[in-house]
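What the sequence shown shows, in the numbering used here, is residues 25 to 223, in sequence order.
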Amino acid sequence: MFRELAQGNELVSAYSTNWNLFVRNMTNNAIVYMKPQWYGDCNCATSAACTQPSELFLSGFVVSCFPLESFLRSTIECLYVQSCVDQMVSYVGANYTPSVLNNNSRFVMNVSIDAIVQQMFIEHWSFNISFESFFEQCRPTSCSYTLIERHDLLDAATTLLGLHGGVTITLRFAVPLMVRLCYKLIRKRRQTTSEVMPM
């Protein structure tokens, strides 16, 4: 996200790798102009992906519009050659000489650092899933899970038939009881009405 923000807002790199700032007339009210840096036939005003080989002559290293872009678009092939590593150490001025990278890496020599970053620098993923070890270490007090399923036409039909059957059985027992109760109430009402009216 930062890379897109820096490019979109035309932020100027501290090393002027993307824009050159210049003043035409040096006066009190001078205007500072910006001119995009060109790398080959690509300029940094239109794309942050412009690259060219580094002037340090280290194989695989490139210069781009931003230092971060330069780093991510470079490759690690120099780190496999001892003379190139020695040359890098001479630029940095380190007191020790590191050894070259192992050729047994899953990352090939000319892969970009960005691709390695995307893979999180992981050489090999090993999966060792043990639920027993998890429960032994964590010792949870309770365990629950939720099963989320999507209902289909068969589930809807089964539910409707079950509902219909349940309502039918309930009404089979409830209707006769309600009819008897209604008859009793009507009979009691007729008896009380007939007793109240003398002839």
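Every residue gets a Cβ at the ideal spot worked out from N, C-alpha and C, and that includes glycine.
By the neighbour-count definition (other C-beta atoms within 10 Å, threshold 16), residue 180 is an exposed residue. Around the beta carbon of residue 167, a 10 Å sphere encloses fewer than 16 other beta carbons of the protein chains shown; the residue is thus reported as exposed. Scanning the segment 140-176 for uninterrupted alpha helix (DSSP H) segments of 4 residues or longer gives 155-162, listed from N- to C-terminal end.
Secondary structure of residue 39 (DSSP, three-state): coil. Its Cα nearest to that of residue 37, the residue 59 stands out among 47, 59, 55, 208. Of the candidates 80, 137, 131, 88, 88 places its Cα closest to the Cα of residue 70. Under the three-state reduction of DSSP, residue 115 is assigned to helix. Residues of the same chain with a CB within less than 8 Å of the CB of residue 122, apart from the 5 flanking positions on each side, are 109, 113 in chain order. Closest in C-alpha terms to residue 61, from the list 83, 73, 55, comes 73.
The continuous stretches of alpha helix (DSSP H) do not include residue 60, which lies in the beta strand (DSSP E) extending over residues 56-60.
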